Amino acid sequence: SQTIHQWPATLVQPVGSPLSLECTVEGTSNPNLYWYRQAAGRGLQLLFYSVGIGQISSEVPQNLSASRPQDRQFILSSKKLLLSDSGFYLCAWTLRDTQYFGPGTRLTVL
Amino acid sequence: GQNIDQPTEMTATEGAIVQINCTYQTSGFNGLFWYQQHAGEAPTFLSYNVLDGLEEKGRFSSFLSRSKGYSYLLLKELQMKDSASYLCAVKVNTGGFKTIFGAGTRLFVKA
Chain G
1 SQTIHQWPAT LVQPVGSPLS LECTVEGTSN PNLYWYRQAA GRGLQLLFYS VGIGQISSEV
61 PQNLSASRPQ DRQFILSSKK LLLSDSGFYL CAWTLRDTQY FGPGTRLTVL
Chain L
1 GQNIDQPTEM TATEGAIVQI NCTYQTSGFN GLFWYQQHAG EAPTFLSYNV LDGLEEKGRF
61 SSFLSRSKGY SYLLLKELQM KDSASYLCAV KVNTGGFKTI FGAGTRLFVK A
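Here the protein sequences line up with chains G and L, keeping their order.
Take the first sequence: its letter number 104 is residue 104 in the working numbering, and every next letter is one higher.
Take the second sequence: its letter number 15 is residue 15 in the working numbering, and every next letter is one higher.
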């Protein structure tokens with residue numbers, strides 16, 4: 001069966017510090033992968049999606065970036081975090097039209 | 001633009017039936033999802049409608065009318081554990097498939 005992992009589960013970072021969140025998928029090959037952010041009390045905002053290694057599409061211009069160095073690995077990064085980057089970050093993949101989510105990373109920027 | 005509307009909050013009583021509505025204005029419609037999200041957790045998949053009509057899955061049912069841009073999620077025999085946010089999401093094809101999420105409806109189930 002397919003499994004999606006994210007780490008860390010929670011993170012508290014100061015403004016201006018770098019960020020690296022990792023997502024890995026097991027049990028499938030060449031998945032479509034997605035990064036979403038959910039601010040407190042808000043809907044899911046699509047940040048990036050990837051259809052293959054090295055292929056990244058950005059949905060929202062901001063100080064975040066994404067990379068896909070391996071087929072089943074998707075990384076979200078920032079060089080300098082802003083207060084507005086706080087939120088719940090979710091990695092997702094698609095199986096037969098449906099998106100399935102990882103457990104998420106709760107990021108607090110202070 | 002792409003827009004999805006659903007009520008912000010709803011309250012219902014344990015054992016009752018509740019209907020959560022969702023209206024959408026999107027281009028390239030390719031299906032509609034409902035997800036459940038408990039506080040502090042990731043969304044979990046509930047249903048997927050592509051064609052008009054009602055899809056029943058246990059206590060949960062989902063309805064779609066593509067001509068009206070309307071869907072609802074029906075929850076029967078409400079239980080306390082059904083207290084959660086319910087997200088309506090539309091899959092669109094705009095030169096590539098994407099899923100657009102509504103802000104969600106927070107459902108409170110009271111005894």
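Using N, Cα and C, we set each Cβ at its ideal position, and we do this for glycine too.
Here the structure is a predicted model, which is why all the values come from computation and not from measurement.
Spatial distance of residue i from residue j (CA atoms)
i, j, result
"G:S50", "G:Y34", "6 Å"
"G:P18", "L:T8", "34 Å"
"G:K79", "G:S20", "9 Å"
"L:N17", "L:M80", "According to the sequence as given, residue 17 of chain L is Ile; it is not Asn. Rounded to whole angstroms, L:I17 to L:M80 spans 13 Å at the Cα level."
"G:P69", "G:C91", "15 Å"
"G:F101", "G:L64", "20 Å"
"G:G41", "L:A103", "8 Å"
"L:S65", "L:L54", "9 Å"
"L:G40", "G:Q55", "30 Å"
"L:G69", "L:Q6", "12 Å"
"L:S61", "L:N21", "12 Å"
"L:T13", "L:D52", "29 Å"
"L:L75", "G:V60", "34 Å"
"G:T28", "G:E22", "17 Å"
"G:W93", "L:G1", "25 Å"
"G:P8", "L:Y72", "35 Å"
"L:V50", "G:N32", "20 Å"
"L:K110", "G:G16", "43 Å"
"L:N3", "G:D71", "32 Å"
"G:F48", "L:G15", "41 Å"
"G:R96", "L:Y48", "11 Å"
"G:G52", "G:S67", "10 Å"
"G:S57", "G:S1", "27 Å"
"L:K57", "G:D85", "37 Å"
"L:A42", "L:Q19", "22 Å"
"G:G131", "G:L46", "Missing from the structure shown is residue 131 of chain G; chain G here goes from 1 to 110 and no further."
"G:T105", "G:E26", "18 Å"
"G:Y36", "L:D82", "24 Å"
"L:R31", "L:R59", "In the sequence under discussion, the amino acid at residue 31 of chain L is Gly, which differs from the Arg named in the question. L:G31 and L:R59: Cα-Cα distance of roughly 21 Å."
"G:S3", "L:Q36", "The residue you asked about is not Ser; residue 3 of chain G is Thr in the sequence shown. C-alpha separation (whole angstroms): 19 Å."
Within 8 Å, strictly: CB atoms of residue i and residue j
i, j, result
"L:L78", "L:M10", "no"
"G:Q73", "G:T24", "yes"
"L:F33", "G:T98", "yes"
"G:P14", "G:L110", "yes"
"L:H38", "L:A84", "yes"
"L:T105", "L:Y86", "yes"
"G:Q6", "G:P103", "yes"
Supposed close pair residue i, residue j - CB separation, criterion 8 Å
i, j, result
"G:L11", "G:L107", "5 Å"
"L:F45", "G:L44", "Going by Cβ atoms, the distance from L:F45 to G:L44 rounds to 13 Å, so no, they are not a contact pair."
Within-8 Å CB hit, residue i to chain C
i, result
"L:G28", "As a matter of chain content, chain C is missing from the structure shown, whose protein chains are G and L."
Legend entry - the region 24-36 of chain L touching the region 87-95 of chain L, judged by at least three CB pairs closer than 8 Å: yes
Inset, instruction - Give, in chain order, every residue of the region 85-104 of chain L whose Cβ lies closer than 9 Å to some Cβ of chain G. - result: L87, A89, K91, G96, F97, K98, T99, I100, F101, G102, A103, G104
Legend entry - Interface residues of the region 88-107 of chain G facing chain L [CB-CB below 7 Å]: L90, D97, T98, Q99, Y100, F101, G102, P103, G104
Inset, instruction - Name, going along the chain, the residues of the region 42-65 of chain L whose beta-carbon falls closer than 7 Å to a beta-carbon of chain G. - result: A42, P43, F45, Y48
Legend entry - Short-range partners of chain L found in the region 61-88 of chain G, where Cβ spacing is below 9 Å: F88
Inset, instruction - Could you please tell me which residues of the region 27-43 of chain G, in chain order, have their CB closer than 7 Å to any CB of chain L? - result: R42, G43
Inset, instruction - Closer than 7 Å, Cβ to Cβ, to anything on chain L: give me those residues from the region 6-30 of chain G, in chain order. - result: none
Inset, instruction - Anything in the region 31-42 of chain L with a Cβ closer than 9 Å to a Cβ of chain G? List those residues in chain order, please. - result: G31, F33, Y35, Q37, G40, E41, A42
Legend entry - Residues within the region 44-56 of chain G neighbouring chain L, beta-carbon criterion of under 9 Å: L44, Q45, L46, Y49, V51
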